[in-house]
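In the numbering used here, the protein residues as written are 2 to 181. Don't be surprised by glycine CBs; every beta carbon is placed ideally from N, CA and C. The block underneath contains the structure these notes are about, expressed in structure tokens.
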């Protein structure tokens, strides 16, 4: 049953033309360890997380678990039958209310900035670590005024490119780690 359900999820769903952000997502049926990677890319997305949030919301309603494996950009030139995959998902800053729980990233070197309204120590001058532990999570959710960092990093473009080649067999599909 799990494989039948997973087969309903398209491997690739991208805009038909243009340059846009994309994410590589690992999709796993609930209660299963086997899954697959999918590519999603759209020009309407201001941030990579916008794509991930929309796709995840749709797939979780159907009983799937999603994990973002990274992001980048796609240049899709349908007239020339070319797709180029490149770049990475960069970190963005914003208020706590703009972020979902499992993708929070906090600076490990706390102590450089303090929110003047709340007195909560900000996240600055340290390596980014996932907010997975209790300590990090409690610091991340301390106040809506604290700025957080969020980003998925680079996707494995070689995996994304193979998915795109299968979907667009008559295209020239290339990738590079450089660029944004």
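| field | Secondary structure of residue 1, DSSP reduced to three states | value | Absent from the model: residue 1. The displayed extent of the chain is 2 to 181, so no value can be given.
| field | Alpha carbon of residue 54 to alpha carbon of residue 81, nearest angstrom | value | 31 Å
| Does the beta-carbon of residue 30 have 16 or more other beta-carbons within 10 angstroms, so that it is buried, or is it exposed? | buried
| query | Can we count residue 84 as close to the ligand HEM, meaning its CB is less than 8 Å from some heavy atom? | reply | Questions concerning the ligand HEM fall outside what the structure shown contains, since it holds no ligand whatsoever.
| task | Could you name the residues of the same chain whose beta carbon sits closer than 8 Å to that of residue 71, not counting the 5 residues immediately before and after it, in chain order? | result | 24, 25, 89, 90, 153, 154, 155, 156, 157
| request: Within its chain, find whatever has a CB closer than 8 Å to the CB of residue 20; leave out the 5 residues flanking it on each side and keep chain order. | output: 44, 74, 75, 76, 77
| query | When we look at the beta-carbon of residue 62 and count the other beta-carbons within 10 Å, is it buried (16 or more) or exposed? | reply | exposed
| task | Give the straight-line distance between the Cα atoms of residue 172 and residue 34, rounded to the nearest whole angstrom. | result | 33 Å
| Reference residue 17, options 177, 179, 68, 168, closest by Cα | 168
| task | Could you please give the first and the last residue of the uninterrupted beta strand (DSSP E) stretch that includes residue 23? | result | 19-30
| Using DSSP with H/G/I as helix, E/B as strand and the rest coil, what is residue 89? | coil
| request: Go ahead and label residue 180 buried or exposed: buried means 16 or more other beta carbons lie within 10 angstroms of its beta carbon, across all protein chains shown. | output: exposed
| Which two residues bound the contiguous beta strand (DSSP E) that contains residue 14? | 13-15
| query | Are the Cβ atoms of residue 42 and residue 52 separated by less than 9 Å? | reply | yes
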